[in-house]
Every structure is written in C-alpha cells, then in structure tokens.
Amino acid sequence: MVLAARGWLSNYDKPWLRRDITAGITLAAYLLPAAIGDASLAGLPPQAGLYACLFGGLVFWLFCSSRQTAVSVTSAISLLVGATLADIAVGDPVRHAALAATTALLVAVLAFAAYAIRAGAIVNFFSETVLAGFKCGVALFLASTQLPKLFGFAGSHGDFWERIGHFFRGLGETNPTSLVLGIVALGLLLLGKTTLKNRPVALFVLILGIVAAGAFRLDERGVALLGEVPQGLPVPTLPAVSRADLNTILPLAMACFVLAAVETTAIGRMFAAKHGYRLDATQEFLAIGGANLAAGLGSGFPVSGGMSQSLVNETAGARTPLSGLVAGLITLIVTLFFTGLLRNLPQPVLAAIVLVAVTGLIRIDALRTLWRFSRMEFAIAMVALLGVLGSGLLNGVLLGAGLSIILLLGRASRPRVIELGRVPGTSYFADLIRHPENERAPDIMVARSEGSLLYFNVDYVRDQLLALVRERATPPRLVIFFLGGVPFVDLAGTELLLELKEKFGQLGIEFRLAEVHGPVRQALRRLGDGHASGLAEAHQTVDDVLTRWRASTLASTAS
Numbered sequence: 011m012v013l014a015a016r017g018w019l020s021n022y023d024k025p026w027l028r029r030d031i032t033a034g035i036t037l038a039a040y041l042l043p044a045a046i047g048d049a050s051l052a053g054l055p056p057q058a059g060l061y062a063c064l065f066g067g068l069v070f071w072l073f074c075s076s077r078q079t080a081v082s083v084t085s086a087i088s089l090l091v092g093a094t095l096a097d098i099a100v101g102d103p104v105r106h107a108a109l110a111a112t113t114a115l116l117v118a119v120l121a122f123a124a125y126a127i128r129a130g131a132i133v134n135f136f137s138e139t140v141l142a143g144f145k146c147g148v149a150l151f152l153a154s155t156q157l158p159k160l161f162g163f164a165g166s167h168g169d170f171w172e173r174i175g176h177f178f179r180g181l182g183e184t185n186p187t188s189l190v191l192g193i194v195a196l197g198l199l200l201l202g203k204t205t206l207k208n209r210p211v212a213l214f215v216l217i218l219g220i221v222a223a224g225a226f227r228l229d230e231r232g233v234a235l236l237g238e239v240p241q242g243l244p245v246p247t248l249p250a251v252s253r254a255d256l257n258t259i260l261p262l263a264m265a266c267f268v269l270a271a272v273e274t275t276a277i278g279r280m281f282a283a284k285h286g287y288r289l290d291a292t293q294e295f296l297a298i299g300g301a302n303l304a305a306g307l308g309s310g311f312p313v314s315g316g317m318s319q320s321l322v323n324e325t326a327g328a329r330t331p332l333s334g335l336v337a338g339l340i341t342l343i344v345t346l347f348f349t350g351l352l353r354n355l356p357q358p359v360l361a362a363i364v365l366v367a368v369t370g371l372i373r374i375d376a377l378r379t380l381w382r383f384s385r386m387e388f389a390i391a392m393v394a395l396l397g398v399l400g401s402g403l404l405n406g407v408l409l410g411a412g413l414s415i416i417l418l419l420g421r422a423s424r425p426r427v428i429e430l431g432r433v434p435g436t437s438y439f440a441d442l443i444r445h446p447e448n449e450r451a452p453d454i455m456v457a458r459s460e461g462s463l464l465y466f467n468v469d470y471v472r473d474q475l476l477a478l479v480r481e482r483a484t485p486p487r488l489v490i491f492f493l494g495g496v497p498f499v500d501l502a503g504t505e506l507l508l509e510l511k512e513k514f515g516q517l518g519i520e521f522r523l524a525e526v527h528g529p530v531r532q533a534l535r536r537l538g539d540g541h542a543s544g545l546a547e548a549h550q551t552v553d554d555v556l557t558r559w560r561a562s563t564l565a566s567t568a569s
C-alpha cells in the first residue's frame with residue numbers, strides 16, 4: 011500500500027464530507043497561530059511555519075493510514091531545531107533557514123529508508139518512560155525561552171539553567187504593557203483550554219492581539235510585534251548547503267525522525283484503537299517522509315503528527331484524512347492573500363500561545379504512575395529530563411534513545427531462570443517460587459528460561475542454571491531445561507545448550523530439553539554436531555522427557 015488514500019476513498023461515505031470539512035476548518039484555525047509560534051521556537055521567520063504546515067499537510071493525507079492524525083510543526087521538534095541550529099548558523103538567518111529545510115529533507119530520507127525496510131516496529135524500542143521525562147524537559151526548556159518575551163525583554167542563549175538565570179536577572183527590565191498583555195492572553199487561553207476545549211481559542215486571542223496592537227499603538231509602548239510576513243509561496247528548491255553541513259546536521263535529523271516516528275505512531279495507535287481500524291506503522295513512515303520532503307523543498311522545517319492538533323481534528327468530527335487536505339487548502343489561501351494581517355501580532359501574545367500549547371507536554375499523571383510502578387523507571391525519566399535541561403534538546407533526545415536501548419538490553423541480558431515443579435495431580439509443570447505447593451522430585455530438576463538465548467545473556471543463564479543445581483541438597487540425576495519460553499537462539503545460545511550437556515555430563519547429571527520450538531531445533535541441527543541434533547527432539551513435553559528417562563533408567567538397571 012503506497013497511496014493509503016485509495017483505500018478509504020473507495021469506501022468514502024458522503025455524510026462524512028460535511029464532518030471532514032468542518033474538522034478541516036477548525037484544524038486550520040488551530041494550526042495557523044501554532045505554526046507561527048513554533049517557527050519562532052525554531053529560530054525561523056513566521057512564514058517558515060506556514061510553509062511547513064502547508065506543504066506537509068497537502069502531502070501527508072495521501073499516505074497516512076491513521077484517519078485522524080494531523081501533520082504539523084510541533085513544539086518539541088521546533089525547539090530542537092532552533093536550539094541546535096542556532097550555534098551552527100552563527101546568527102546568519104539565511105543559513106539557518108537553509109539548514110532547517112535540509113534537516114526536513116534528511117528526515118524524509120530516513121523515513122523513506124525505514125519504510126523500505128518495513129521498520130514499523132522500530133518505534134517500540136523507544137521507551138515511554140524516557141519520552142515522559144524528555145517531554146517534561148522540553149516543556150521547561152520552552153518556558154525558559156518564552157518567559158522573557160512574555161515580560162517584554164530580550165532572551166538569551168544556552169541551556170535551560172543559563173536561560174532561566176537570565177530571565178530572573180532581567181526581571182528589572184520588564185515592560186509593564188507587554189506583561190499585562192501577555193497575562194491577559196494567558197488567562198484567555200487557559201480559560202479556553204478548560205471551558206472551550208478543542209475550540210480555536212488561540213486564533214481568537216491572536217486576532218484580539220492584532221487588533222489591540224493597532225488600536226492602542228502598542229509598538230510605541232515598547233511591545234515587540236511580529237513584523238512583516240511575506241505573502242505568496244516560495245519556489246520549491248533544494249537548499250544551498252555543503253556536504254559538510256549534511257554531516258553536521260545528520261544527528262539533528264535523526265533526533266527529529268525519532269521524535270516524529272514515535273509521536274506520529276503513538277497518535278495513530280490511539281485513534282485506531284478508539285475508532286476500530288488498523289494502523290499500519292510502516293505506512294506512517296511513508297507519510298512522514300512525504301510530508302517532510304514537501305516541507306523541505308518548500309522552505310519549511312521538519313514536521314510530524316501533532317498530538318494537540320490531532321485531538322482538535324478528531325474532536326471536531328474528522329472521519330478521514332480529507333480534513334487534513336481541507337486544512338492545507340485554507341492555509342494556502344491565508345499564505346497567498348492574508349499574511350499582511352499578521353504583522354501586528356504582539357510577541358507577548360505569541361509567547362502565551364506557545365506556552366499554553368505545550369502544557370500538555372508535562373504529564374504529571376504519567377510521572378506519578380512511574381513513581382508508583384517503579385522507582386528505577388522514574389529515575390530513568392528524571393535522567394532524560396535533566397539531560398534536556400543540562401545538555402540541550404539534541405543531547406536529551408540522544409540520551410533518551412540510548413537509555414531506551416540500554417533498558418531493553420538490560421532486561422534481555424538477564425532473563426528470568428527459575429525452577430519448575432509438577433502441579434499436583436497433573437502432568438503440568440509450573441513456577442516453584444510463585445507456587446511452592448508444586449511437587450519437586452528429589453532426583454530431578456526442571457528449569458525454565460524466559461526469553462531468547464543470545465550472545466549477551468548466555469553467561470547469565472548458565473550461571474543461574476548452575477546455581478539452581480548447586481542449591482539442591484542432593485544433586486539431581488536429571489536436569490530438564492524447558493525451552494517453551496525460548497523462541498530463538500543464536501550461535502552462542504546453541505553452543506550454550508551443548509556446553510550445558512557436557513558440563514552436567516561431567517557431574518554425572520543427564521541434561522535434556524523439553525518443548526523445543528522449531529527455530530531452536532533448526533539451529534541445533536545447523537550446528538552439525540551429533541550431540542546437538544540429539545537435543546533437537548520435537549513435541550517433547552516435560553512429562554514426555556521424564557517418562558522416557560525413567561523408562562530408560564529402569565531398562566538399564568534391569569540389564
């Protein structure tokens with residue numbers, strides 16, 4: 011499936027059209043101020059946000075498998091782009107814009123590559139624990155960039171601690187008019203967030219701010235205004251960057267791709283579960299790639315599925331991605347004919363819009379759940395949060411990804427190895443730790459490993475299995491290794507099974523396998539060793555192995 015739109019368009023219900031158009035209009039009203047605000051976070055002029063939403067939106071709807079996800083510039087990615095490129099562009103706005111557009115193109119390349127190798131499951135490797143901490147860090151970092159604008163004085167550069175320190179030192183330079191305007195805007199936005207959920211309150215506040223700026227000549231009172239927003243569309247073109255620039259911004263593009271992939275897929279899964287359809291995570295890579303390719307060629311910057319935008323879209327009644335096309339067309343009309351109306355937008359109002367829009371990044375309930383569930387996972391979330399605050403957003407993303415992989419490998423490297431006992435009155439064997447009433451034969455030990463046997467965990471499994479044998483008051487005569495929970499073994503895992511057979515043989519203990527899965531049997535046979543092939547018996551339950559061993563023992567004793 012390349013053009014996902016073919017599927018839902020062929021089954022399109024006419025009554026959906028009115029709801030999709032209504033949702034598209036509402037979505038556009040929400041997107042316009044958010045696009046302008048996020049462009050400022052990315053260190054780019056307002057039109058860059060409009061171009062990114064426009065071109066990305068006109069492409070995304072064709073390829074996405076989620077029916078309610080809306081593509082947009084997002085606060086997390088925008089801030090990541092702005093914080094990273096500020097040092098690379100060294101104050102050159104033209105170079106900054108070219109690098110931002112190139113970043114979108116690199117994100118497109120990464121997304122297309124992920125689609126080509128059918129890597130939809132890759133997003134599952136990024137822990138929600140790490141993302142919870144990362145998003146909180148992003149929100150705090152964002153606050154440190156917007157608070158000076160709200161109070162009417164210039165901000166600073168650097169990490170969160172440098173920015174927040176500058177904010178407190180600069181409070182004496184506060185412009186009272188800017189502060190009052192910003193607080194009023196904040197109040198209206200927060201009121202809308204609680205009483206008029208998913209309504210275009212931000213657009214209403216934006217219009218009021220523009221009207222107030224002209225009526226009261228706020229610029230003469232020291233209130234910073236947005237300034238001119240160029241009207242019309244750029245000519246699609248490749249950004250003028252060097253090969254060295256590509257190497258420099260590749261880590262940024264990878265971080266943006268990770269955020270876009272995780273966020274877009276998470277949003278799609280949420281809506282798919284709610285509305286009863288199937289999400290194709292791999293297809294979402296193609297949609298992300300197409301949207302970012304269009305945004306990059308159209309002088310924008312990286313885009314992604316946006317949580318707040320998608321919620322607005324879904325709540326407004328969107329039944330298909332057609333609402334995204336409607337929103338894109340409205341953005342196109344504004345960009346062509348009405349950008350002049352935006353020049354008087356006060357910066358404090360823009361700061362208020364951005365601050366309220368990203369309050370959803372701080373999930374206190376998620377952190378509370380982590381604290382209750384596991385102190386270790388909560389600590390990992392805090393490491394990701396502090397990584398963003400102390401080392402910047404790019405390093406925070408990379409640290410979060412690294413922590414996710416380390417967490418995964420840490421769990422996989424220490425699979426649970428336990429002894430099993432016979433459930434009384436049955437031929438079934440189960441965990442002796444959780445069910446101590448299960449029967450344990452004095453001359454037999456049955457053990458189970460939970461997870462694949464791979465090169466990085468074979469030493470742990472060997473040590474745990476030998477420790478179980480040593481714990482027995484009398485050494486068993488037979489060890490049965492239950493492999494029903496082992497779906498796969500690599501070369502090291504296969505050699506471990508042979509090593510255990512030899513090791514136990516030296517101790518006078520027979521070693522046999524039970525419930526061996528097909529891939530494991532094939533791996534044993536591929537080793538080309540007679541002992542290995544002997545272990546690879548099919549359809550052998552623990553009770554089968556035990557019955558055959560007792561029969562052979564009796565036969566050898568009788569002879």
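Sequential numbering from 11 applies to the sequence shown in the numbering used here. We put the beta carbon where it would ideally sit given N, CA and C, even for glycine.
The region 273–283 touching the region 25–32, judged by at least three CB pairs closer than 8 Å: Taking 8 Å as the limit for Cβ pairs, the verdict is that the region 25–32 does not touch the region 273–283.
How is the alpha helix (DSSP H) around residue 374 delimited, first residue to last? Position 364 of the sequence shown, counting from 1, holds the residue named residue 374. Here the alpha helix (DSSP H) through residue 374 covers 374–383.
Just to confirm the assignment, what range does the beta strand (DSSP E) spanning residue 491 have? Counting from one through the sequence shown, the residue named residue 491 turns up at place 481. Start and end: 488–492.
How should residue 518 be labelled, buried or exposed, when 16 other C-beta atoms within 10 angstroms of its C-beta is the threshold for buried? As a first step, residue 518 is located in the sequence shown; it is residue number 508 there, counting from the start. Looking at its Cβ environment, which holds fewer than 16 other Cβ atoms inside 10 Å, residue 518 is exposed.
From 19, 21, 37, pick the residue whose C-alpha is nearest to that of residue 328; which is it? If you number the sequence shown from 1, residue 328 lands on position 318. Ranking 19, 21, 37 by Cα distance to residue 328 puts 37 first.
Identify whether residue 289 lies in helix, strand or coil by the three-state DSSP scheme. One-based indexing of the sequence shown puts residue 289 at position 279. If DSSP states are grouped into helix, strand and coil, residue 289 belongs with coil.
Which residue comes first and which comes last in the beta strand (DSSP E) that contains residue 428? Locating residue 428 in the sequence shown gives position 418, counting from the first residue. Counted as a single uninterrupted DSSP element, the beta strand (DSSP E) harbouring residue 428 occupies residues 426–432.
Who are the near neighbours of residue 309 in its chain, counting only those whose CB is closer than 7 Å to its CB and skipping five residues on each side? Here residue 309 refers to the residue found at position 299 of the sequence shown. Here the set comprises 58, 61, 107, 111, 244.
May I ask you to report which of helix, strand or coil DSSP gives residue 133? Sequence index remark: in the sequence shown, residue 133 carries index 123 (1-based). Residue state for residue 133 is assigned as helix, using DSSP reduced to three classes.
In the DSSP assignment, find the beta strand (DSSP E) that holds residue 5 and state where it starts and stops. The chain is shown only over 11 to 569; residue 5 falls outside these bounds and no answer can be derived.
Compare the Cα-Cα distances from residue 156 to each of 435, 358, 187 and report the closest residue. To locate residue 156, count along the sequence shown from 1; it is residue 146. Out of 435, 358, 187, 358 has the C-alpha closest to the C-alpha of residue 156.
Beta-carbon within less than 8 Å of residue 226's beta-carbon, same chain only, minus the 5 sequence neighbours each way: which residues are those? Taking the first residue of the sequence shown as position 1, residue 226 is located at position 216. The beta carbon of residue 226 sits closer than 8 Å to none of the beta carbons in its chain outside the five residues before and after it.
Along the chain, which unbroken stretches of the alpha helix (DSSP H) at least 4 residues long are found entirely within the region 323–366? Fully enclosed alpha helix (DSSP H) runs of 4 or longer: 332–347.
Under 6 Å Cβ to Cβ from residue 454, same chain only, skipping five residues before and after it: list those, please. As a first step, residue 454 is located in the sequence shown; it is residue number 444 there, counting from the start. The answer, listed in chain order, is 486, 488.
Can you tell me whether residue 195 is helix, strand or coil according to DSSP? Within the sequence shown, residue 195 is the residue found at index 185, counting from 1. DSSP, read as helix, strand or coil, puts residue 195 in helix.
Pick helix, strand or coil for residue 509, following the three-state DSSP scheme. The count along the sequence shown starts at 1 and reaches residue 509 at position 499. DSSP places residue 509 in helix when its eight states are reduced to three.
Could you tell me the distance, in whole angstroms, from the CA atom of residue 119 to the CA atom of residue 187? In the sequence shown, the residue the question calls residue 119 occupies position 109. In the sequence shown, the residue the question calls residue 187 occupies position 177. For the pair residue 119 and residue 187, the Cα-to-Cα distance works out to about 46 Å.
Is it buried or exposed for residue 298, if we count other Cβ within 10 angstroms and need 16 for buried? Counted from its first residue, the sequence shown places residue 298 at position 288. Under this definition residue 298 is a buried residue.
Would you kindly work out how many angstroms separate the C-alpha atoms of residue 375 and residue 411, rounded to a whole number? Position 365 of the sequence shown, counted from the start, is the residue given in the question as residue 375. Position 401 of the sequence shown, counted from the start, is the residue given in the question as residue 411. Between residue 375 and residue 411, the alpha-carbon positions lie close to 22 Å from each other.
For residue 530, three-class secondary structure by DSSP: Here residue 530 is taken as the residue at index 520 of the sequence shown, counted from 1. Helix.
Enclosing beta strand (DSSP E) for residue 523 [first to last residue]: Translated into the one-based positions of the sequence shown, residue 523 becomes position 513. Annotation for residue 523: the continuous beta strand (DSSP E) segment containing it runs 520–524.
Scan the region 92–126 and note each continuous alpha helix (DSSP H) run of 4 residues or more that stays entirely inside, going in chain order. If only complete runs of 4 or more residues are kept, the region 92–126 shows the alpha helix (DSSP H) at 103–126, in order along the chain.
To which residues of the same chain is residue 12 closer than 6 Å at the C-beta, ignoring the five residues directly before and after it? Taking the sequence shown and counting its residues from 1, one reaches residue 12 at position 2. Same-chain partners within the cutoff: there are none.
Here's a check: name, in chain order, each residue in its chain whose Cβ is nearer than 6 Å to the Cβ of residue 47, leaving out the five neighbours to either side. Here residue 47 is taken as the residue at index 37 of the sequence shown, counted from 1. Answer for residue 47: 360, 363, 364, listed in chain order.
Going by beta carbon distance, what residues of the same chain come within less than 7 Å of residue 199, once the five residues before and after it are set aside? Your numbering for residue 199 matches position 189 in the sequence shown. Within the same chain, residue 199 has close Cβ partners 211, 212, 215, 362, 363, 366.
For residue 458, which residues does DSSP report across the bridge? Here the question's residue 458 lines up with position 448 in the sequence shown. Answer is 428, 492, bridged to residue 458.
Indicate the three-state DSSP secondary structure (helix, strand or coil) for residue 237 in the structure shown. Reading the sequence shown from its first residue, position 227 is the one you call residue 237. The DSSP-derived three-state label of residue 237 is coil.
Just checking my contact of residue 87 with residue 314 at CB under 8 Å: how many whole Å lie between their CB atoms? Counting from 1 along the sequence shown, the entry for residue 87 is found at position 77. Counting from 1 along the sequence shown, the entry for residue 314 is found at position 304. Distance from residue 87 to residue 314 at the Cβ level is roughly 6 Å; contact confirmed, criterion being Cβ atoms closer than 8 Å.
I'd like the list of long-range same chain contacts for residue 333, defined as Cβ closer than 7 Å, with 5 residues on each side in sequence excluded. Translated into the one-based positions of the sequence shown, residue 333 becomes position 323. Counting only Cβ-Cβ distances below 7 Å, and skipping sequence neighbours, we find 30, 33, 34, 37, 323.
Using 8 Å as the cut-off, can you tell me whether the region 460–475 makes contact with the region 423–433, which would need three or more C-beta pairs spanning the two stretches below that distance? Because the criterion of three Cβ pairs below 8 Å is met, the region 460–475 and the region 423–433 touch.
Is the number of C-beta pairs between the region 471–479 and the region 500–514 that are closer than 8 Å three or more? They touch, by the three-pair rule.
Report the CB separation of residue 235 from residue 355 in whole angstroms; it is logged as a contact under 8 Å. Stepping through the sequence shown from its first residue, residue 235 is reached at position 225. Stepping through the sequence shown from its first residue, residue 355 is reached at position 345. About 7 Å separates the CB atoms of residue 235 and residue 355; that is less than 8 Å, so the two are in contact.
By Cβ distance below 8 Å, which residues in the same chain neighbour residue 223 in space, the five residues on each side in sequence not counted? Numbered from 1 along the sequence shown, position 213 holds the residue referred to as residue 223. Counting only Cβ-Cβ distances below 8 Å, and skipping sequence neighbours, we find 229, 233, 235, 354, 355, 356.
Should residue 438 be labelled buried (16 or more other beta-carbon atoms within 10 Å of its own) or exposed? As a working mapping, residue 438 is identified with position 428 in the sequence shown. Looking at its Cβ environment, which holds fewer than 16 other Cβ atoms inside 10 Å, residue 438 is exposed.
Whole angstroms is fine: what's the gap from residue 128's alpha carbon to residue 206's? The residue given as residue 128 occupies position 118 in the sequence shown. The residue given as residue 206 occupies position 196 in the sequence shown. Put simply, the backbone Cα of residue 128 is about 41 Å away from that of residue 206.
Cβ atoms of residue 76 and residue 277: under 9 Å apart, would you say? Translated into the one-based positions of the sequence shown, residue 277 becomes position 267. Translated into the one-based positions of the sequence shown, residue 76 becomes position 66. In this structure, residue 277 lies near residue 76, with their beta-carbon atoms less than 9 Å apart.
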